[in-house]
Each structure stands twice: as C-alpha cells, then as structure tokens.
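Please read the structure below before turning to the comments.
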Amino acid sequence: MNLTDVTFEIPSDVEYIKCNVNQSGFYRVTYPEEMWASIITTLLNDHTKFSPADRANLIDDAFTLCEAGELNATVPLQLSLYLLKEKDYAPWTTALRYLHSWKERLSESPGYKRYISFFKKLLTPVTKYVGWSDEGSHLKKLLRIAVLQSAVSIKLEDVVKPAKSLFDDWMLKGKRIAPNIRNVVYIAGIKFGGEKEWNHCWENYQETQVSSEKLIMLEALGASTDSWLLQRYLLRSLNRDMVKSQDMETVIISVATNSDGQFLVWRHLKAYWPQIHVLLGNGSLSGLISVVVSNFFTEYDYHEVSEFFKKVDVGSGQRALEQSLETIKFNIHWVKENADIVDRWLVNYLNLVQTS
Numbered sequence: 001m002n003l004t005d006v007t008f009e010i011p012s013d014v015e016y017i018k019c020n021v022n023q024s025g026f027y028r029v030t031y032p033e034e035m036w037a038s039i040i041t042t043l044l045n046d047h048t049k050f051s052p053a054d055r056a057n058l059i060d061d062a063f064t065l066c067e068a069g070e071l072n073a074t075v076p077l078q079l080s081l082y083l084l085k086e087k088d089y090a091p092w093t094t095a096l097r098y099l100h101s102w103k104e105r106l107s108e109s110p111g112y113k114r115y116i117s118f119f120k121k122l123l124t125p126v127t128k129y130v131g132w133s134d135e136g137s138h139l140k141k142l143l144r145i146a147v148l149q150s151a152v153s154i155k156l157e158d159v160v161k162p163a164k165s166l167f168d169d170w171m172l173k174g175k176r177i178a179p180n181i182r183n184v185v186y187i188a189g190i191k192f193g194g195e196k197e198w199n200h201c202w203e204n205y206q207e208t209q210v211s212s213e214k215l216i217m218l219e220a221l222g223a224s225t226d227s228w229l230l231q232r233y234l235l236r237s238l239n240r241d242m243v244k245s246q247d248m249e250t251v252i253i254s255v256a257t258n259s260d261g262q263f264l265v266w267r268h269l270k271a272y273w274p275q276i277h278v279l280l281g282n283g284s285l286s287g288l289i290s291v292v293v294s295n296f297f298t299e300y301d302y303h304e305v306s307e308f309f310k311k312v313d314v315g316s317g318q319r320a321l322e323q324s325l326e327t328i329k330f331n332i333h334w335v336k337e338n339a340d341i342v343d344r345w346l347v348n349y350l351n352l353v354q355t356s
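Under full-length UniProt numbering, the letters of the sequence shown match residues 1 to 356, in that order.
Take a look at the structure:
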C-alpha cells in the first residue's frame, strides 16, 4: 500500500490510539495534545499496558518531535515521570540517550541544578531495583550497567557511595569486581577520587595484558574532575611509550565525553592538531571531531570551531566537520527555544514534589 493520506474515524469513547505498534515501522508518530495527555496518564497509572518496545517508541517519538520543534518540551518531560516505575532496558536506554543530551545543552542554563535534581529522582528507584549484585537476565544486566553509569555521571549519592566502596576494596585489598560493573566502579573511583586513585588505574593500564581491561581503564581515566590530571592524561596520549597509537582516540574521547573535560580536550585538539592528525590519520579524525565538539551549544563555540577548521586540513573529515557544525547550530537553537520552558516545568514539578 502506497498511500500518502489516509483518514479514518475514531469512536468518541476512545482516549488514544497507539500507532507504529512495537516500533515495527521506521517513522515518527505524533498525536493531538489531548491524546498525548491520555497516553501519559495511562503510562503513569499502569505503564505495562504498553509493551516495552511501545514505551521506548513513545519516549523516542516525544523527544525527537520536541527536538524537531513539533512538540512542546513539557510533553517528553511529563512522559518521563512514568520512568519512576520503569524496570525494562529498552525504554530506559532510549530515555537516557535524550536525558543526557538535554543535560549537556542545559549545563549553563539557570535551571541546570533543577534538571539534575529531576534526573536523580527518575534514576533513584531503578538503581535500587538493579542493585550491585551481578545477577538476573541479560537485559537486567544491561539495564544495571546503563542506569548505574548514568547515576555516577550525575553524582547520585546512593550510587556513588557503594561504587566508591567497591573501588577502594579493589585498590586497597585486591577484592575482585564483577566484570559487568567494573567499568562503572572504575569510573566512580576516578571521578570521586584524586591522584592516588588515578595513578593506581594508570599502573593497572600499563601492567595488564588483557586488551578489554586496558580499554576499560582508558575510558575510566578520562573521568577525573581534576583538570590537571586530565591535561596530563591528554599529554601522555601523545607519547607512544605511554599510550599506543590505537589507544589515543579512546583517551581523547574519554575526556571529551566528560563534562569536566570537554573544553580542555578542545584546547588540546587545537594545540596539538598537527601531531594528532599524523598519529590518527583522516579516518579516525572524522569521528573524533564529532565527539569533541558535538555538545557545544553557544554562538561563540560555533564561531571558534568554524574559524579553527578553516585553517587546518581535515581531509576526509570534512563531511564530519560540516555535520558537527550543524549539530552545534541545532544545539544553539534548542537552548534558545526550550531552556526557559524546561526550567518553568521543573520549578512547578519540584515544588509539587516538595509539598506532596
């Protein structure tokens, strides 16, 4: 069937119709405002009336349509409240992707702390559900990794404390950490530790012969909140005696995806561009450019990135650069259109929570 316009009648007693059931088609679906309200009410009352795939689909559509300017930002925020009861992997991994991207865009907005409070409230029940014991189905293990990583990134105290305890037991007593949560624990140890913890992981990176363990260590070492440690790490990545050429990209990305390191790594990229270009080559540079600048969201950022890359050769990375500049433009527009709306909603929501 190849129809561009189909009309059908909906009985008056039908509150909503869920289209694209189980996300079987590659298209977006929006609904009238009152139907979104009915869908959200159903999710809040009994989210299991929709399958996990449908719940993930509704989250995806709501956030994507908001980003396209087709839906008010309050709709995905209101819909997200049902996540307080969500225990399935697909909806959570979909939601976290958007919640983190909004976190980055709002990081210099007046409502940032309120957004983090909201994010923490959403994550608290599911982190208690997954716990730290490496048990359950494959999907539950994936859920555990995803939500614990997110909780560490936003400094959720109920997660940070046990993660740091597991790290200290490993560092000081040699206690084994379950493989599936190793990455989360290492990141927490580095993020909420200091030079001692960082050096311990660096020594382990140098000593281990297990490639997967090396990768986990490299990713964790970029999670520090100390600028001087991150700067030292970036400089070491230029030294072939310290970091192998194939690991250099991992080092830079690990710092770039750390909100405390993204501008530091941008300065590093500019300062050492010729060396990085030679060491990585055009292929890896394409992905690197995107990761380093894709979370920028001000006119100044856009101008600085644009002007810098006019002066250097990016080779086959030109398309990635153009896409990255478009992403920055989009981020600028999104903040202008949505930051105030999001903050007003957060003020109302947090006031309601405090008085209830």
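Quick reminder that beta carbons are idealized off the backbone N, C-alpha and C, glycines included.
Keep in mind the model is a prediction, meaning the values are calculated, not measured.
Review point. Going straight from the alpha carbon of residue 314 to that of residue 285, what length do you get?
Key: Distance between the alpha carbons of residue 314 and residue 285 is about 8 Å.
Check your understanding: Under 8 Å, do residue 341 and residue 299 count as touching if we go by C-beta distance?
Key -> Taking 8 Å as the cut-off, the Cβ atoms of residue 341 and residue 299 do not count as close.
Review point. Quick one: what's got a C-beta closer than 7 Å to residue 62's C-beta in the same chain, skipping five residues either side?
Key: If we look at residue 62 and ignore the five residues flanking it on each side, its Cβ neighbours are 71, 75, 76, 79.
Check your understanding: What are the uninterrupted segments assigned as beta strand (DSSP E) that are 3 or more residues long and contained completely in the stretch 92-119, given in chain order?
Key -> Runs found: none.
Check your understanding: Helix, strand or coil: which one does DSSP assign to residue 295?
Key -> Here residue 295 sits in coil by DSSP.
Check your understanding: Would you call residue 191 buried or exposed, if buried means 16 or more other Cβ atoms sit within 10 Å of its Cβ?
Key -> Counting Cβ neighbours within 10 Å, residue 191 comes out buried, since at least 16 surround it.
Review point. From 104, 92, 60, pick the residue whose C-alpha is nearest to that of residue 122; which is it?
Key: Comparing Cα positions, the closest option is 92.
Check your understanding: Can you list, in chain order, the stretches of the alpha helix (DSSP H) that have 4 or more residues and sit fully within the stretch 129-165?
Key -> The stretch 129-165 contains these whole alpha helix (DSSP H) runs: 138-153.
Point to revise | Classification of residue 52 by the beta-carbon crowding that lies within 10 angstroms, buried from 16 upward | key: Buried, because 16 or more other Cβ atoms sit within 10 Å of the Cβ of residue 52.
Review point. Where in the stretch 198-275 do unbroken runs of the beta strand (DSSP E), each at least 3 residues long, occur, reported from the N-terminal end onward?
Key: Listed in chain order, there is nothing to give.
Review point. When you compare only the Cα positions, how much space is there between residue 45 and residue 54?
Key: Our two residues, residue 45 and residue 54, have alpha carbons roughly 16 Å apart in a direct line.
Point to revise | Contact set for residue 261: own chain, Cβ-Cβ below 6 Å, skip 5 residues either direction | key: So the qualifying residues of the chain are 230, 255.
**Study point:** Cβ shell of residue 321 (< 6 Å), same chain only, five flanking positions each side left out
**Key:** Same-chain partners within the cutoff: 289, 309, 314.
Review point. Can you tell me whether DSSP reads residue 72 as helix, strand or coil?
Key: Three-state result, residue 72: coil.
Check your understanding: Excluding sequence positions up to five away, which residues of its chain have a Cβ less than 6 Å from the Cβ of residue 338?
Key -> A distance below 6 Å between beta-carbons, with the five flanking residues on each side excluded, links residue 338 to the following residues of its chain, in chain order: 73.
Point to revise | Residues near residue 362 by beta carbon distance below 7 Å, same chain, minus five either side | key: Given that the chain is displayed from residue 1 to residue 356, the structure contains no residue 362 and the question cannot be resolved.
Review point. Helix, strand or coil for residue 168 per DSSP?
Key: Helix, per DSSP.
Exercise for review: With DSSP as the reference, label residue 14 as helix, strand or coil.
Suggested key: Residue placement at residue 14 cannot be trusted, given a pLDDT of 49 that sits under 50; the coordinates are not used to answer.
Practice item. Would you give the residue range spanned by the alpha helix (DSSP H) that residue 319 belongs to? Key: Unbroken alpha helix (DSSP H) run through residue 319: 318-355.
Practice item. Check residue 181 in the structure and name its three-state DSSP category. Key: Shown here, residue 181 sits in a helix according to DSSP, grouped into three states.
Check your understanding: The alpha helix (DSSP H) spanning residue 81 covers which residue range?
Key -> Per DSSP, residue 81 belongs to no alpha helix (DSSP H) and is neither H nor E.
Check your understanding: What residues in its chain sit with their C-beta under 7 Å from that of residue 327, if we drop five residues either side in the sequence?
Key -> If we look at residue 327 and ignore the five residues flanking it on each side, its Cβ neighbours are 294.
Exercise for review: May I ask which residues mark the beginning and end of the alpha helix (DSSP H) holding residue 86?
Suggested key: Here residue 86 belongs to no alpha helix (DSSP H), and DSSP marks it neither H nor E.
Practice item. Could you check if residue 358 is buried or exposed, using at least 16 other CB atoms within 10 Å of its CB as the buried criterion? Key: An answer regarding residue 358 cannot be provided, because it is not within the stretch 1 to 356 covered by the chain.
Practice item. Please report how far the alpha carbon of residue 116 lies from the alpha carbon of residue 206, in whole angstroms. Key: For residue 116 and residue 206, the distance between alpha carbons rounds to 36 Å.
Point to revise | Reduced DSSP category for residue 290 - H, G, I as helix; E, B as strand; rest coil | key: Looking at residue 290 - three-state DSSP - the assignment turns out to be helix.
**Study point:** Unbroken alpha helix (DSSP H) run spanning residue 51, endpoints
**Key:** Bounds of any alpha helix (DSSP H) do not take in residue 51, whose DSSP letter is neither H nor E.
Review point. Buried or exposed: which applies to residue 278, given that a residue is buried once 16 or more other Cβ atoms fall within 10 Å of its Cβ?
Key: The residue in question, residue 278, is exposed, as its Cβ has fewer than 16 Cβ neighbours within 10 Å.
Point to revise | Minimum C-alpha distance to residue 33 - residue among 65, 88, 237 | key: Between residue 33 and the set 65, 88, 237, the nearest pair of CA atoms involves 65.
Exercise for review: Put residue 176 into one of helix, strand or coil per three-state DSSP.
Suggested key: Coil.
Practice item. Could you round the C-beta distance between residue 160 and residue 188 to whole angstroms and report it? I think they count as a contact, below 8 Å. Key: Contact annotation, residue 160 with residue 188: C-beta distance approximately 6 Å; criterion of less than 8 Å satisfied.
**Study point:** Anticipated Cβ contact below 8 Å, residue 114 with residue 350, distance rounded
**Key:** Right, the Cβ-Cβ distance comes to about 6 Å (below 8 Å), so this counts as a contact.
Review point. Within 10 angstroms of its Cβ, does residue 280 collect 16 or more other Cβ (buried), or is it exposed?
Key: Classification for residue 280: buried.
Review point. When the Cα of residue 132 is compared with those of 38, 158, 56, 241, which residue comes out closest?
Key: Residue 158 is the option with its Cα nearest to residue 132.
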